[in-house]
Every structure is written in structure tokens, then in C-alpha cells.
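Top line first, the protein sequences correspond to chains X and H. With this note's numbering, you'll find the first sequence wraps up at 104, consecutive numbering, no jumps. With this note's numbering, you'll find the second sequence wraps up at 208, consecutive numbering, no jumps. Take a look at the structure below.
Protein chains: 2
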Amino acid sequence: METRRDVFQAIADPTRRAIIQMIAKEPLNLKSVAGHFPVSRPAISKHIRILTECGLITIHKQGRDHYCNANLSSLREASEWINQYRKFWNDKLDALENLLNNDH
Amino acid sequence: METRRDVFQAIADPTRRAIIQMIAKEPLNLKSVAGHFPVSRPAISKHIRILTECGLITIHKQGRDHYCNANLSSLREASEWINQYRKFWNDKLDALENLLNNDH
DNA sequence: TATTTGAGTAACCACTTGGTTATATATTAT
DNA sequence: ATAATATATAACCAAGTGGTTACTCAAATA
């Protein structure tokens with residue numbers, strides 16, 4: 001649990017995707033996050049750490065509560081990688097591709 | 105190497121992303137694919153199997169050659185999951201979101 | 001001050017992952 | 001027919017993953 005830590009790997013785990021989904025709506029402390037899953041607090045703590053390490057969330061301490069905030073801009077890398085293959089499932093590519101290309 | 109096999113996990117591995125990138129350009133047999141990586145043929149064979157199992161590639165046998173063809177429409181699921189968070193890195197969201205919503 | 005609460009960490013565990021080498025099978029070439 | 005080639009599979013292995021329980025520490029509360 002120490003090595004290769006990138007966005008693709010971070011979102012490969014369904015629990016971590018669910019965590020992202022939750023805190024994208026509103027910041028939550030670890031206890032609130034853990035309350036929604038059938039696993040222990042330490043397990044969630046580890047997921048949070050992984051998400052933090054690749055920049056997908058940031059922690060804001062407020063007393064003893066550690067609030068997790070979504071900071072999903074590092075998903076951009078994954079989005080761009082996937083969207084380059086958009087033609088494989090989307091016919092209305094042209095207009096979209098132009099938009100995407102104007103982003104950077 | 106038997107269980108949970110989904111698109112997110114399939115693209116989590118950098119070697120598999122590179123394989124996808126190669127065969128998205130043109131179908132290649134396993135030997136050609138393996139030639140680009142510093143790992144053995146059996147290792148590539150396993151990656152190919154994983155990609156096949158989640159539908160990202162299909163194999164077309166031509167004599168003793170097994171040609172890998174990209175069939176990346178199952179990336180759509182991952183694309184949609186990621187793109188729902190596009191607002192985290194993209195300001196020009198409105199026009200894009202309209203486009204994406206028209207897709208389905 | 002003593003106790004409870006939220007979170008992190010350490011040590012551990014079973015399973016998975018990505019790799020290896022050796023072997024088998026089918027197809028092509030000599 | 002024999003040899004070479006392309007691929008798959010089996011058996012194995014080290015390291016990584018996702019989880020656990022037990023413990024510690026800091027902050028809030030009684």
C-alpha cells in the first residue's frame with residue numbers, strides 16, 4: 001500500500017468511487033463517510049489516505065473532525081485519456097471533440 | 105486473477121492502458137504487442153485476457169496469429185462516471201454538459 | 001479533571017496481482 | 001515429416017491490496 005499511486009488506480013476501487021461520490025456533494029468527516037460502508041473506520045481511513053495522496057481530496061481539520069473535500073481536478077488526466085477513445089461509442093464526436101480540444 | 109473484473113480495474117494498470125493505445129491504432133497480434141514491452145509473452149497474454157474479459161478488446165484468429173481489436177465502447181461507463189465531475193476542472197461546463205446529456 | 005469521541009497508526013492476515021519459467025497445442029514453413 | 005512459430009496454460013512467487021483488531025493521541029464534553 002505504499003507504491004504506485006495514481007488516479008487510475010485510485011478510482012479502480014468501488015469503495016473509493018463511492019467515497020468520491022459522497023464528498024463531491026458535500027464535505028464530510030471520516031466518521032460520516034465510514035457510516036455509509038460496512039467496513040471499519042481504519043479501512044475508510046486508508047481509502048481516504050490514498051485519495052489524498054493522489055490529490056483527489058483534501059483534508060480540512062476542524063477540531064477533532066477531519067473534513068474531506070473533493071478536489072477532483074486530477075480526474076482530468078483520466079478523463080482525457082478515456083475521452084480520446086470517445087469515437088468508439090459516440091458518433092456525435094465532432095462538436096464534442098472541438099470543445100474538448102479548446103480546453104487546453 | 106479470477107474475480108472482480110471491471111473496466112475501471114482494467115485500465116488501472118499502465119501496461120494495459122499502453123496496450124489499448126497500441127491496438128486502438130491498428131489491430132495487432134500478441135507477438136507484436138509483446139514486442140513493445142519489457143515483459144514476457146505470457147504476461148502480455150494475461151493482460152490481453154483481462155482486457156478481453158471486460159470487453160475492451162476482441163480476438164480475431166487468423167491462422168496462428170491472434171489479432172487484438174479495440175472495442176472500447178465499454179469505456180463509456182468510466183467516461184460517464186468521470187465526466188459527471190467535470191465541473192471540478194472545467195469552467196466551460198454548460199455547453200459540454202448539454203452535449204453529454206444529449207448522448208443518452 | 002476524567003471521560004468520551006474522532007481519527008491515525010501498527011501489526012497482522014487472506015487474497016489478488018503481475019510477473020516468471022516450463023510445457024503443451026496448433027499452425028506454418030522447410 | 002520435421003522444425004519453427006504463435007499462443008495458451010500451469011505452477012509458482014514476491015509484492016501489493018483491502019481488510020481486521022488493538023492501541024495511541026488530540027480535542028470536546030461531563
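Ideal placement from N, C-alpha and C gives every residue a C-beta, glycine not left out.
Whose Cβ in chain H lies nearer than 9 Å to the Cβ of F8 of chain X?
F112, I115, A116, D117, P118, R121
Using CA atoms only, rank isn't needed, just tell me which of X:P14, X:P38, X:T15, X:I57 is closest to N29 of chain X.
X:I57
Which same chain residues, not among the five before or five after M22 of chain X, have their C-beta less than 7 Å away from its C-beta?
L28, V33, H36
Going along chain X in order, which residues have a C-beta closer than 9 Å to the C-beta of A147 of chain H?
Ordered by position in chain X, no residue passes the 9 Å Cβ test against A147 of chain H, which lies about 17 Å from the chain.
Does any residue of chain H bring its CB to less than 8 Å from the CB of I23 of chain X?
no
Contact between the segment 163 to 172 of chain H and the segment 59 to 67 of chain X: three or more CB pairs below 8 Å?
The segment 163 to 172 of chain H is not in contact with the segment 59 to 67 of chain X.
Per DSSP, K61 of chain X is paired with what?
X:H66
Let me see if you follow: with CB-CB separation under 8 Å, is C172 of chain H close to chain X or not?
No, C172 of chain H lies away from the interface with chain X (no Cβ there is under 8 Å from its Cβ).
Strictly under 8 Å for the Cβ-Cβ distance: is F88 of chain X near chain H by that measure?
Yes, its Cβ sits closer than 8 Å to a Cβ of chain H.
What would DSSP say about S134 of chain H, mapped onto helix, strand or coil?
According to the sequence provided, residue 134 of chain H is Leu. The question's Ser does not apply to it. Three-state DSSP puts L134 of chain H in a helix.
Identify the continuous alpha helix (DSSP H) that holds H225 of chain H and give its terminal residues.
In the structure as shown, chain H begins at 105 and stops at 208. Residue 225 of chain H is therefore absent and cannot be evaluated.
Of all Cβ atoms in chain X, is any one closer than 8 Å to the Cβ of L134 of chain H?
no
Closer than 8 Å to chain H by CB, L75 of chain X:
yes
Flag L51 of chain X as yes if its beta-carbon sits less than 8 Å from any beta-carbon of chain H, otherwise no.
no
Does DSSP classify N187 of chain H as helix, strand or coil?
helix
Closest Cβ-Cβ distance between A34 of chain X and chain H: below 8 Å?
no
Note down, in chain order, every chain H residue with its Cβ under 7 Å from the Cβ of I82 of chain X.
L179, A182, S183, I186
R17 of chain X versus F8 of chain X - alpha carbon distance
11 Å
Could you tell me the alpha carbon to alpha carbon distance between R76 of chain X and K191 of chain H, rounded to whole angstroms?
10 Å
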